[in-house]
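My numbering numbers the first residue of the sequence shown as 16 and each following residue consecutively.
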Amino acid sequence: MKRIYLDYAATTPTHPEVVKAMLPYFTDAFGNPSSIYSYGQETKGAIEEARDKVAALISALSEEVVFTSGGTEADNFAIKGVAYANEPKGNHIITSSIEHHAVIETCKFLERRGFRVTYLPVDEYGLVDPNDVKKAITDKTILISVMQASNEVGTVEPIAEIGRIAKEAGIYFHTDAVQTAGHIPIDVNQLGVDLLSMSAHKLYGPKGVGALYIRKGTKLIPFMHGGEQERRRRASTENVPGIVGFGKAVELAQQEISEEAERLTYLRDQLINGLLERIDHTRLNGHPIMRLPNNVNVSVDFVEGESMLLNLDLEGICASTGSACSSSSLEPSHVLLALGLAHEQAHGSLRFSLGKWTTDEEIERVLDVLPGIVAKLRAMSPLLKSHR
16 MKRIYLDYAA
26 TTPTHPEVVK
36 AMLPYFTDAF
46 GNPSSIYSYG
56 QETKGAIEEA
66 RDKVAALISA
76 LSEEVVFTSG
86 GTEADNFAIK
96 GVAYANEPKG
106 NHIITSSIEH
116 HAVIETCKFL
126 ERRGFRVTYL
136 PVDEYGLVDP
146 NDVKKAITDK
156 TILISVMQAS
166 NEVGTVEPIA
176 EIGRIAKEAG
186 IYFHTDAVQT
196 AGHIPIDVNQ
206 LGVDLLSMSA
216 HKLYGPKGVG
226 ALYIRKGTKL
236 IPFMHGGEQE
246 RRRRASTENV
256 PGIVGFGKAV
266 ELAQQEISEE
276 AERLTYLRDQ
286 LINGLLERID
296 HTRLNGHPIM
306 RLPNNVNVSV
316 DFVEGESMLL
326 NLDLEGICAS
336 TGSACSSSSL
346 EPSHVLLALG
356 LAHEQAHGSL
366 RFSLGKWTTD
376 EEIERVLDVL
386 PGIVAKLRAM
396 SPLLKSHR
């Protein structure tokens, strides 16, 4: 049975050319970048080359890019770094109710330490209203953090509008771009962001490496303390193979970003339309137009998402659920609840995320298999019986 992978939003396979670029830095080019002899200068040069590529992806200056261990560290660095550096000015942070846990949990951590956080609502499509951002600003607001696109439902937020509001108010603005970097065009100047988080393994790079864009002049304290790496902004010996791989992944992404987005949008819409046509009592979650090219999130009434996942897996199809049932928590997705879904609908959600190696045949396979799975599960469902 051929396996079909449709969970690219969770992680992507490392591109073979990325692996090839990384290999020398595990063996021959193994020097510590902080060393002044040739071995060290060789790896330092490779890091700076990768930094240039990552900066070019988002139209930033190379010195504004700091490498991290991933998107989670980048989010933590941005939020805690700005919060503690600007605490004398104020203690208020604005974010949205649908952020990734790396942002939500960081904000909750700061709340327990005296900071105030406003969690903005979203509409039924997952959109943040820029007017709500404006209304939430106080004279104590020091940071606004709104993700560029939802990792769960794929809605792309009005970041440029929020950026203008933040700039007018003189407030730092951070966006989590983990799901968008390398997939849709990003210009930090057009967006008006001061900080932006990225992760390599979401764009066919290796796991364990990411980056934080920090606009020149932004006041924040280092998240990691120790040596003087990354211009004293992030201590720790650099993950040279990972950084080189990140740079290569970015280079490859830039070469085909428009064409790949167009291809994935076509496949995405084929899957969305097919699911809505072939399975009754099904709804699309997220915005129908302003969404990521590769994201499909649907709620199927009267069925548990986890049961659908397990049955899809038996058919060789890998996806994910909008519910947290498959983790240690039995609570439904905070994102779907914020969109106004009932608990039962949130528990019956599936997310398919497409990628570089997704084909028309794979989409058709899902459309052939899933309706039968749903029909079988509904026949056993107490939810459907109570509905009738």
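Every residue gets a Cβ at the ideal spot worked out from N, C-alpha and C, and that includes glycine.
When the five nearest sequence neighbours on each side are left out, the beta carbons in the same chain lying within less than 7 Å of the beta carbon of residue 223 are those of 84, 85, 254, 257, in order along the chain. If you check the CB distance, residue 333 and residue 22 come in under 8 Å. Look at residue 44 here: in three-state DSSP terms it is coil, with no helix or strand label. DSSP links residue 225 through a beta bridge to 83, 214. For residue 327 against residue 287, the beta-carbon gap comes to about 17 Å, at or over 8 Å, which does not count as contact. Annotated three-state conformation of residue 293 is helix, per DSSP. If the five residues before and after residue 55 are omitted, its C-beta is found closer than 8 Å to the C-beta atoms of 46, 47, 48, 49, all from its own chain and listed in chain order. Checking the DSSP bridge columns, you'll see residue 312 partnered with 366. Bridge partners of residue 164 according to DSSP: 171.
Secondary structure note for residue 116: its alpha helix (DSSP H) is the uninterrupted segment 116-126. For the options 166, 158, 193, 195, the alpha carbon positioned closest to that of residue 177 is the one of 158. It is roughly 17 Å from the alpha-carbon of residue 206 to the alpha-carbon of residue 93.
Setting aside the 5 residues that flank it on each side, residue 107 is surrounded in the same chain by 131, 153, 155, 156, each with a C-beta closer than 6 Å to its C-beta; the list follows chain order. Put simply, the segment 114-127 does not touch the segment 67-79. Fewer than three CB pairs are less than 8 Å apart.
Per DSSP, reduced to three states, the secondary structure at residue 199 is coil, with no helix or strand assignment. A direct Cα-to-Cα measurement between residue 276 and residue 51 gives close to 43 Å. A contact between stretches requires three or more CB pairs, one per stretch, nearer than 8 Å, and the segment 164-178 meets this requirement with the segment 301-320.
Note that the C-beta distance between residue 349 and residue 141 is not below 8 Å. The DSSP-derived three-state label of residue 30 is coil. Setting aside the 5 residues that flank it on each side, residue 375 is surrounded in the same chain by 282, 285, each with a C-beta closer than 8 Å to its C-beta; the list follows chain order. Its Cα nearest to that of residue 294, the residue 316 stands out among 316, 394, 300.
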